[in-house]
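Chemist: Here it is, the structure, as structure tokens.
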Amino acid sequence: MNNKYYKISLATMLLIFFSFATLLVWQYVLSLVFMEDEITFSASVVIGFLTCPLLIYAMLSGIYFFIFNKRPKYDKGITRYLVYLMFLSFAISLPISFYVDYKLKNAGYLTCDKISWQSPTTYVTNLSLCQ
């Protein structure tokens with residue numbers, strides 16, 4: 001693993017993977033913001049939404065380190081605040097999830113049956129939208 005180009009390509013592949021995961025989480029959050037007919041939401045979506053900046057920054061700073069062989073200028077400060085945001089996401093994810101559940105049910109949304117207890121809850125305006 002001493003090859004510089006191997007490390008850069010591995011970090012780039014991880015960045016692409018986390019970017020697709022981030023897009024999926026953003027899709028869930030945007031469906032909630034725009035109150036679409038089908039909304040997928042849970043505490044894990046909140047954690048993923050608030051943790052995405054840390055993951056993407058970690059991948060970008062890793063690529064920067066492998067290319068220039070030095071850390072970014074304000075790496076420690078940025079990382080510190082992004083880690084605080086990540087820990088905050090763990091603390092506030094459950095209350096936000098309960099609040100969103102309450103608000104969506106009061107807005108007339110119905111919940112679909114879950115595949116497992118860990119899967120996010122799907123809220124729909126009509127039960128025929130459940131698959």
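The opening residue of the sequence shown carries number 1 in UniProt numbering; numbering runs sequentially from there.
Backbone N, C-alpha and C fix where the C-beta goes; we use that ideal spot for every residue, glycine too.
As the structure is a prediction and not an experimental result, all values here were calculated from the model.
#1: Pair every Cβ in the region 62 to 81 with every Cβ in the region 1 to 19, then say whether three or more of these pairs are closer than 8 Å.
#2: What does DSSP give as the partner residue(s) for ILE39 in the beta ladder?
#3: Check whether the region 39 to 47 and the region 90 to 97 touch, using three or more Cβ-Cβ pairs below 8 Å as the test.
#4: For the region 11 to 71, which segments carrying the alpha helix (DSSP H) assignment without a break, of at least 4 residues, lie completely within its bounds, in sequence order?
#5: On a CA-only basis, which of THR122, GLN118, ASN106, TYR74 is nearest residue 132? Give me that one, please.
#6: Do LEU55 and PHE18 count as a contact pair if the criterion is CB distance below 8 Å?
Modeler: On the basis of the data shown:
#1: yes
#2: TYR123
#3: Three or more pairs of CB atoms, one per stretch, sit closer than 8 Å, so the region 39 to 47 contacts the region 90 to 97.
#4: 43 to 68
#5: Residue coverage of the chain in this structure runs from 1 to 131, which leaves residue 132 outside it and unanswerable.
#6: yes
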